[in-house]
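Those protein sequences? They're chains G and Y, same order as listed. The opening residue of the first sequence carries number 1 in the numbering used here; numbering runs sequentially from there. The opening residue of the second sequence carries number 280 in the numbering used here; numbering runs sequentially from there. Note that CB positions come from ideal geometry on N, CA and C, so glycine has one too. Report on the following structure.
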Amino acid sequence: MKRASKIYTALVMVFLFAPIAILLVFSFNDAKSLSVFSGFSLHWYRELFRDDETLKAVRNTLVLAVSAALISTAMGTAAAVGMNRMRNKVLRQTMDSVTNIPMINPDIITGISLMLMFVFVGRLFGAATSLNFGTMLIAHITFCLPYVILQVLPKLQQMDKALPEAAMDLGCTPLRAFFKAELPEIMPGVITGLIMAFTLSLDDFVISYFTSGNGFQTLPIRIYNMTKKTVTPKMYALATIIFFVILTLLLISNLYDEDEVQKRRAARQIRKASKEAKT
Amino acid sequence: MKKIIALLTAVLLLSALLAGCGGGGKTLTLNVYNWGEYISDGSEDSFNTVREFEKWYQETYGQKVKVNYTTFASNEDMYAKLSSGAVSYDVVVPSDYMIARMRENGMLLELNFDNIPNYEYIDKSFRGLYYDPDNKYTVPYTYGVTGIIYDANVVDEEDVGGWELLWNDHYKGNILQFNNSRDAFGTAMYKLGLDVNSTDRDVWNQALAELKAQAPLVKSYVMDEIYNMMESGEAAIGAYYAGDYFTMIDAQADGVDLRFYYPERTNYFVDAMCIPSCCQNKELAEIFINYMLSPEPAIANAEFIYYACPNTQVFNNDDYIQEMGAEAMEILYPPMSGFSSLYNQYAFRALDEQTQDYVNSLWESLKIN
């Protein structure tokens, strides 16, 4: 049984990572092919860093993802705090469901409806173009928000309600109490929300596709548009770099994750205790 | 306090929405919308067309211009974006049938050829094509012809010639067919000598019967997967555009020997530059189109895209001919005599909605089996 589960895990790993491994290997290919490996070379990496339009798309994607993540985290945390304090249960549940709509909604509906709204508002103001960086940012914040709220709200519910009250008893203003007592308590949720918002924004295609205007294209859109001809191995190089950057960030965040450290420490103690109990 | 913050946020969001709407400033902006990978972009030490245009414009007119170059993946994508009314582009490069549709819908502006003197470089065969019969709206950018690619190590030289190769049961499981209805039906219709733009359902039914007869022989229905399958020798026969054949040759595996030929009747396409009605600076757009026709950028683009170029300054240029090689020149530029009549006869045109729906339903019935 144990062996079966090991094989199963190995299979899952293979299916998850084989595509990435292939991409990684072929990003170092000398030739353009995805089927024939003709020799190791850094050619495509060199080409990547010479490709202005692709680098611009990378820059656009990062700027958009960072701003969307920061803004949606700030807004989402504020919304969660507000919702947590609502006394009226019906109102609170309604709010809960309403904020979930963008999450449950298929991307394509969110994308088209946002585009229609931007066009409508743009026409109202008589603008020739209504889609630009601003509209894309609004769209990204829209679909990131519920994820942030979803991460922060449970942390708020876990928190001891007396905590901010105690802080205020000791002379804090409500705002200060929030920053000094409440925020550190819910910080893990806020950080997870931020990271989720960032990754969601980074790899979104459908909504970006509908809300992108002239002059501002993100990386997923640019890659998709290469399909008239073939996607060049430059993109494999880029994907490899992104993969390693994300991997490093993930490793760092795992190493420094306080929660994890504590859990590991606790697990070790339990193991030790159970061993002692046996002997 | 809360109200002020809410108000500020609202103002901020609105201003973000409207940012970029107001022009102004001294830098001109030119919005170009082209196919992906369809311009020489400076890779492999090539000519960076967009940057060079910006430089050239500033030197010539003493004014800065910024080119916003964005890409699309299909004619339909581009059409949807333009007709949403949410964007404004100054130069777009659609394919022929889409140009016809846009022209009929009043989405194109007439060009002022006083600003495009280099138009004289365009080969005379490209005048009076069906999508722009009076040569008022378009300047051709690239063109191409569909041909058949085969692996000479698998396919017997005797079987080569005509569309019959795609129906040859010797090569069962080695044949690739297009995975889009228009091109796939096209192969059957050219084979049978039918009109690919017919509105007669019987004609389409005949083509369907032909495709159904072919289905057991087909390895798979593909679009750009064809590159990997042909390069690696996984399949031996497939139809695709001449320019793309050279991409495959570059990457073919050992033991694969790809060759190419044109069947007698086949599809032609032309992609052309035009100015959509949402254009904000028509004169600048015309200057850009004119620049694209001048020899240096035109040659660089032709070498980068590897499709045929209708510009006489390109295909008669010695350096270009040498760079491409004799084989490529012969395949990319089949004899031009009678091009316009062949083109007008065989090229795909936009089908009317009823026919399109009917073809789609036939296509589904083929794919389900």
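#### Entry: Helix, strand or coil at Y/Gly299 [DSSP, three-state]
Residue confidence is low: Y/Gly299 scores 43 on pLDDT, short of 50, so the model does not pin down where it sits. Its coordinate-derived value is still stated next. Coil.
### Query
Below 8 Å between beta carbons: does that hold for Y/Ile610 and Y/Asn596?
Taking C-beta atoms as the reference points, Y/Ile610 and Y/Asn596 fail to come closer than 8 Å.
### Task
Please check if any C-beta of chain Y sits within less than 8 Å of the C-beta of G/Gly66.
Per the sequence shown, the amino acid found at residue 66 of chain G is Val instead of Gly. Not one chain Y Cβ lies under 8 Å of G/Val66.
### Query
Residues of chain Y with a CB under 7 Å from the CB of G/Phe35: which are they?
Strictly speaking, residue 35 of chain G in this sequence is Ser, with Phe absent from that position. Within chain Y, the residues near G/Ser35 are Asn507, Glu510, Ser511, Ala532.
### Query
Pick from G/Leu23, G/Met13, G/Ile7: whose alpha carbon is nearest that of G/Lys234?
Of the residues G/Leu23, G/Met13, G/Ile7, the one whose Cα lies closest to the Cα of G/Lys234 is G/Leu23.
### Query
Taking the alpha helix (DSSP H) that G/Gly189 falls in, what are its first and last residues?
For G/Gly189, the uninterrupted alpha helix (DSSP H) run begins and ends at 183-203, by DSSP.
### Message
Quick check: what's the CA-CA separation for G/Arg92 versus G/Ala78?
### Response
Distance between the alpha carbons of G/Arg92 and G/Ala78: 15 Å.
### Query
Helix, strand or coil: how does DSSP classify Y/Tyr429 here?
Three-state result, Y/Tyr429: strand.
### Message
Please return the same chain residues whose Cβ sits closer than 8 Å to the Cβ of G/Leu16, not counting the five positions on each side in sequence.
### Response
Taking G/Leu16 as the centre and dropping the five residues before and after it, the same chain places no C-beta closer than 8 Å to its C-beta.
### Message
Rounding to the nearest angstrom, what Cα-Cα distance links Y/Gly302 and G/Leu170 in this structure?
### Response
Any reading at Y/Gly302 must be qualified, since the residue scores a pLDDT of 42, below 50, and its modelled position is unreliable; no value is offered.
### Query
So is G/Met226 buried or exposed if we call it buried at 16+ other beta carbons inside 10 Å?
By the neighbour-count rule (16 or more Cβ atoms within 10 Å), G/Met226 is buried.
### Query
Going by the CB atoms, is the gap between Y/Ile427 and Y/Ile516 shorter than 8 Å?
A contact, by the Cβ cut-off of 8 Å.
### Task
Go ahead and label Y/Pro373 buried or exposed: buried means 16 or more other beta carbons lie within 10 angstroms of its beta carbon, across all protein chains shown.
Result: buried.
#### Entry: Status (buried if at least 16 other CB within 10 Å, exposed otherwise) for G/Pro174
Using a 10 angstroms sphere on the CB of G/Pro174, the tally of other CB atoms stays under 16, which defines it as exposed.
### Message
Just to make sure I have the definition right: I need the residues of chain G whose C-beta is within less than 9 Å of the C-beta of Y/Asp529. Which are they?
### Response
Under a criterion of Cβ atoms nearer than 9 Å, the residues of chain G adjacent to Y/Asp529 are, in order, Ala31, Lys32, Ser33.
### Query
Given that Y/Gly452 touches chain G, what residues does it touch there, using C-beta distances under 8 Å?
Per Cβ cutoff of 8 Å: no residues; Y/Gly452 is ~18 Å from chain G at best.
### Query
In terms of DSSP beta bridges, what is Y/Thr308 paired with?
Beta-bridge pairing links Y/Thr308 to Y/Lys345.
### Message
Pull the bridge partners of Y/Asp550 from the DSSP assignment, please.
### Response
Answer is Y/Ser374, Y/Thr421.
### Message
Considering Cα atoms alone, identify which of G/Ile242, G/Ala128, G/Ala277, G/Leu249 is closest to G/Leu59.
### Response
The sequence shown places Arg at residue 59 of chain G, rather than the Leu named in the question. Out of G/Ile242, G/Ala128, G/Ala277, G/Leu249, G/Ile242 has the C-alpha closest to the C-alpha of G/Arg59.
### Task
Answer yes or no: does any C-beta atom of chain Y fall closer than 8 Å to that of G/Arg87?
Taking Cβ atoms only, chain Y never reaches closer than 8 Å to G/Arg87, which makes this a no.
### Cα-Cα separation, Y/Cys300 to G/Ser130
Its pLDDT being 42, under 50, Y/Cys300 is placed unreliably by the model, and the measurement read from it follows with that caveat. Cα to Cα, the separation comes out at about 7 Å.
### Own chain partners of G/Lys180 with C-beta closer than 7 Å, once the 5 adjacent residues on each side are dropped
Answer for G/Lys180: Ala167, Cys172, listed in chain order.
### Message
My output table needs one value for Y/Ser644: the three-state DSSP class, helix, strand or coil.
### Response
Correct three-state label for Y/Ser644: helix.
### Task
Look at G/Asn84 and G/Leu34 and say whether their C-beta atoms are less than 8 Å apart.
For G/Asn84 and G/Leu34, no; Cβs fall outside 8 Å.
### chain G contact for Y/Cys300 (CB, 8 Å cutoff)
Note that Y/Cys300 scores a pLDDT of 42, beneath 50, so its modelled location is shaky; the value from the coordinates is reported in the next line. Closer than 8 Å: yes.
### Query
Quick one: what does DSSP say Y/Leu455 is sitting in, helix, strand or coil?
For Y/Leu455, the three-state secondary structure derived from DSSP is strand.
### Query
Can you find a CB in chain G that lies within less than 8 Å of the CB of Y/Tyr422?
No - not a single Cβ of chain G is within 8 Å of the one on Y/Tyr422.
### Task
Would you mind listing the beta strand (DSSP E) stretches within the region 522-547 of chain Y that are 3+ residues and don't spill past its ends, in chain order?
Counting only runs of 3 or more, we get 537-540.
### Under 7 Å (Cβ pairs) to chain G, residues found in the region 336-366 of chain Y
If the cut-off is 7 Å between Cβ atoms, the region 336-366 of chain Y has Asn347, Tyr348, Thr349, Thr350, Phe351, Ala352, Ser363, Gly364, Ala365, Val366 near chain G.
### Task
Identify, in the order they occur along the chain, each residue of the same chain with its Cβ nearer than 8 Å to the Cβ of Y/Asn476, setting aside the five sequence neighbours on each side.
Non-local beta-carbon contacts of Y/Asn476 in its own chain, meaning distances under 8 Å to residues more than five positions away in sequence, involve Phe627, Arg628, Leu630 in chain order.
### Query
Under 7 Å from any heavy atom of the ligand ZN, does the C-beta of Y/Pro589 make it?
This structure simply doesn't include the ligand ZN, nor any ligand for that matter.
### Query
In its own chain, which residues sit with a C-beta less than 7 Å from the C-beta of Y/Met527, not counting the 5 before and 5 after it?
Beyond the five residues adjoining it in sequence on each side, Y/Met527 comes within less than 7 Å, by CB distance, of Ile428, Tyr506, Met509, Glu510, Leu537 in the same chain, given in chain order.
### Message
Taking a contact to mean a Cβ-Cβ separation below 8 Å, would you say G/Val280 touches G/Ile104 in this structure?
### Response
With chain G covering 1 to 279 only, the question about residue 280 of chain G has no answer from this structure.
### Query
Cα separation between Y/Cys553 and Y/Tyr368?
Here the alpha carbon of Y/Cys553 sits roughly 10 Å from the alpha carbon of Y/Tyr368.
### Query
Where does the unbroken beta strand (DSSP E) through G/Val152 begin, and where does it stop?
For G/Val152, no beta strand (DSSP E) segment is defined; the enclosing uninterrupted segment is the alpha helix (DSSP H) at 133-158.
### Query
Y/Ser374 CB to nearest chain G CB: under 8 Å?
For Y/Ser374, the answer is no, since every Cβ of chain G falls outside 8 Å of its Cβ.
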